[in-house]
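In my numbering, the protein residues as written are 903 to 1272.
Only one structure is covered here, and it is reproduced in the block below.
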């Protein structure tokens, strides 16, 4: 949970706002696996204890910020019992926005806690840039290497890693490199700009084997790749699995470790057994070739079909309707919906409900009976 989300929930506790948390990861504790970090499975008792420890630690870190936010709303400080206690007191339902294809719902979760599937928003106006289209059309499907918002491409290790990767991949294999954090760097003497220039030089000197992108609609690019290497973020994991293309994750923080393990566990791709700081281009090239083995290609295709058949967005709307509309038809309420996916506007054909995701507040007036 992020600090902004915690502030939103706690502001809701003191007002007429109806807070409905939706999590792209795991928020409820379970005995089935440890918290989403680089922690091995320690058994049922210790797994559950670790959730208590993780949430308590998070609370000590975030409570001062939450109290400042609540003070702005003329609310008292939050209790030291924490966010989970407050949510239970309010009987607040929780909806998880990931797919049970990756992991089934834990048996010890509350019936009101739901997993509805990924919420994809394929904006009609999205399109690949002409130079990327040209690169894709010029040869076989490339390998995608990108770490999302993780700033690894700004480290001194990243460009040498890509150089070595190109050396150890077959010469007919091409690579698309995501380097979003470099997009605003200019040509100057700074070390980071130097990294950008060095990466761009690869783009022009490797006989069309590499193409650098700074922003790209994943739902359009991923299905046209041969292998997807990413950081294991929940949203990117969902897009990679939806594409039907073999994928693997090199996690760096938090829930990325969980999703990396799940990708390998269901067979969409191999497990990456080393941390990024120890990874070499030779090792990564070997894993990419392993991902192209028929067993991973076939599983990835089946997983993609299953996820594309899911209705995660509709399920999210149904969750809201169940816990809000049926219980609050007689009221004029504010609806506050917070969710991680990059969904700007979302509608359901059977309802005039418009949801604005990303911690935005909208007003919805419900028709009163009679």
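Glycine included, C-beta positions come from ideal geometry on N, C-alpha and C.
Check whether residue i and residue j have beta carbons under 8 Å apart
i            : j            : result
residue 1059 : residue 1183 : no
residue 1028 : residue 1122 : yes
residue 1034 : residue 1118 : yes
residue 1115 : residue 1148 : no
residue 1140 : residue 1020 : yes
residue 1146 : residue 1203 : yes
residue 949  : residue 935  : yes
residue 1187 : residue 1067 : yes
residue 1150 : residue 1172 : yes
residue 1079 : residue 1048 : yes
residue 1144 : residue 1206 : yes
residue 1160 : residue 957  : no
residue 981  : residue 998  : no
residue 1133 : residue 922  : no
residue 1157 : residue 989  : no
Separation of residue j from residue i, as counted between CA atoms
i            : j            : result
residue 1245 : residue 1221 : Model confidence at residue 1245 stands at a pLDDT of 37, short of 50, so the residue's coordinates are unreliable; what they give is reported in the following sentence. Looking at the two C-alpha atoms, the distance is approximately 17 Å.
residue 970  : residue 978  : 10 Å
residue 951  : residue 940  : 16 Å
residue 1168 : residue 1004 : 7 Å
residue 925  : residue 996  : 8 Å
residue 1234 : residue 1223 : Low local confidence applies: a pLDDT of 45 at residue 1234 is under 50, so the model's placement there is unreliable, and no value is given.
residue 1138 : residue 959  : 27 Å
residue 1031 : residue 1131 : 21 Å
residue 976  : residue 983  : 20 Å
residue 1087 : residue 1011 : Here residue 1087 scores only 47 on pLDDT, less than 50, and its place in the model should not be relied on; the value that follows carries that caveat. So the alpha carbons of these two residues sit roughly 46 Å apart.
residue 1181 : residue 1069 : 15 Å
residue 1002 : residue 1185 : 31 Å
residue 943  : residue 954  : 15 Å
residue 1163 : residue 1061 : 26 Å
residue 1166 : residue 1179 : 20 Å
Closest by C-alpha distance to residue i, when choosing among the options
i            : options                   : result
residue 1045 : 1000, 1112, 994 and 1030  : 1112
residue 1053 : 1129, 1153, 1006 and 1078 : 1153
residue 1075 : 1110, 1010, 1163 and 1049 : 1110
residue 1214 : 1012, 1023, 962 and 972   : 1023
residue 1050 : 933, 1195, 1163 and 1155  : 1155
residue 1195 : 1129, 968 and 1036        : 1129
residue 1192 : 1178, 1170, 999 and 1017  : 1170
residue 1189 : 1178, 993, 1201 and 1174  : 1174
residue 1008 : 945, 931 and 1057         : 931
residue 1209 : 1142, 1071, 1127 and 1177 : 1142
residue 1219 : 973, 1018, 1026 and 1036  : 1018
Cβ of residue i within 8 Å of any chain D Cβ
i           : result
residue 953 : Any reference to chain D falls outside this structure, which holds one protein chain only.
Sequence ranges, beta strand (DSSP E) only - wholly within the stretch 1016-1095, length at least 3:
With a minimum length of 3 residues, the unbroken runs of beta strand (DSSP E) contained wholly in the stretch 1016-1095 fall at 1045-1047 and 1077-1080.
Unbroken stretches of the alpha helix (DSSP H), 4 residues or longer, contained in the stretch 1132-1199
Listed in chain order, the alpha helix (DSSP H) runs fully inside the stretch 1132-1199 are 1136-1145, 1158-1168 and 1183-1193, counting runs of at least 4 residues.
Residue ranges of each beta strand (DSSP E) run of no fewer than 3 residues wholly in the stretch 950-978, ordered along the chain?
DSSP runs (the beta strand (DSSP E)) wholly in the stretch 950-978: none.
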